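For reference, the structure is listed below as structure tokens.
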């Protein structure tokens, strides 16, 4: 008797990487820094050449890739689309959130300076401020099932970004060692910082990076509250990443080439100053994906240019609006036309 097997049918394995034992105030040993990983392997064979590791953004978990906020939109989640195309997947909850819990020494509900939360007002502003997404599947207001889905799945974010990135880098490097062959990192927003650092730690095990609206712009960083005052010390990461020659990065303002785009900071190459190279990312292929109705459309060009200036040889920047995919904001993997976007990503991946 014939059996109808869903196109995204898969097996599942769950494990942890990055675990470290530490002692609490009472002297008891406990674990911290762990990363929960789900390995999904398509039932249908053959598999594609490179597994894909999915890294969510700030305050988010792997649920962004596993589920969709609206059952009324027929387009499947990104993980279902990738599984149906034969990709072995590794989905992670970054350290200090979701199924990768924090240790009290890192986060404490009694000390809010250790973490930041994302309230409904700030999330609404992220979607409704100009330019505003036209692909969100429901009214952007509390009480709508889709908006409540995002609020319910948002976690506190560690404010010590360098610490979080360092712990994430260690755990993802351990994951890459466990996989044991080159992979593609598909990262979103702040998760892209982990991707850059993982490629730095394991250059032979990262074939390519898909950076969906990477946190930026270089040296600065723009979030829900606008442009941060603190300089990002390593340009694209707060945690140390390898430059050649080593040393402090100088920077200067680079004027936007397109009307309406923001000026950004790049390495200072004036008067013969040394431009330092990301020596371990030079051979990593990079795709930067930007929504047409996201504020990232005004400055993601700077991240792509920073990578090129730092010696990354193959960097492609896709502005979805210019590619005929209109109306997307920062959370494009949850928006109505998410299927069209993952097709663009897969088209690029097939060419690797």
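Residue numbers (UniProt numbering): 1 to 352.
Where a beta carbon is used, it is the ideal one built from N, C-alpha and C, also for glycine.
All figures in this text were calculated on a predicted structure; none of them were measured in a lab.
In the displayed model, residue 10 falls within a strand according to three-state DSSP. From the listed residues 322, 64 and 132, the smallest Cα separation to residue 151 is found for 64. Rounded to the nearest angstrom, the gap between the Cα atoms of residue 213 and residue 320 is 11 Å. Only exposed fits residue 21, as fewer than 16 other CB atoms lie within 10 angstroms of its CB.
Bridge pairing for residue 273: absent [DSSP]. For residue 179, the enclosing alpha helix (DSSP H) covers residues 161 to 179.
For residue 93, there is no enclosing alpha helix (DSSP H); the residue is found in the beta strand (DSSP E) stretching over 89 to 93. A distance below 7 Å between beta-carbons, with the five flanking residues on each side excluded, links residue 17 to the following residues of its chain, in chain order: 35, 37, 171, 174, 175 and 178. Closest in C-alpha terms to residue 253, from the list 145, 219 and 195, comes 219. Per DSSP, residue 29 is one residue of the beta strand (DSSP E) stretching across 29 to 32. Its chain contains 289, 318, 320, 323 and 325 as the residues whose beta carbon lies nearer than 8 Å to that of residue 344, once the 5 sequence neighbours on both sides are disregarded; these appear in chain order. Inclusion of residue 76 and residue 339 in the CB contact set at 8 Å is warranted, their separation being smaller than that value. If you draw a straight line from the Cα of residue 261 to the Cα of residue 255, it comes to about 9 Å. Setting aside the 5 residues that flank it on each side, residue 73 is surrounded in the same chain by 137 and 336, each with a C-beta closer than 8 Å to its C-beta; the list follows chain order. In the pairwise beta carbon analysis, the stretch 77 to 91 is classified as not touching the stretch 144 to 158: fewer than three pairs are separated by under 8 Å.
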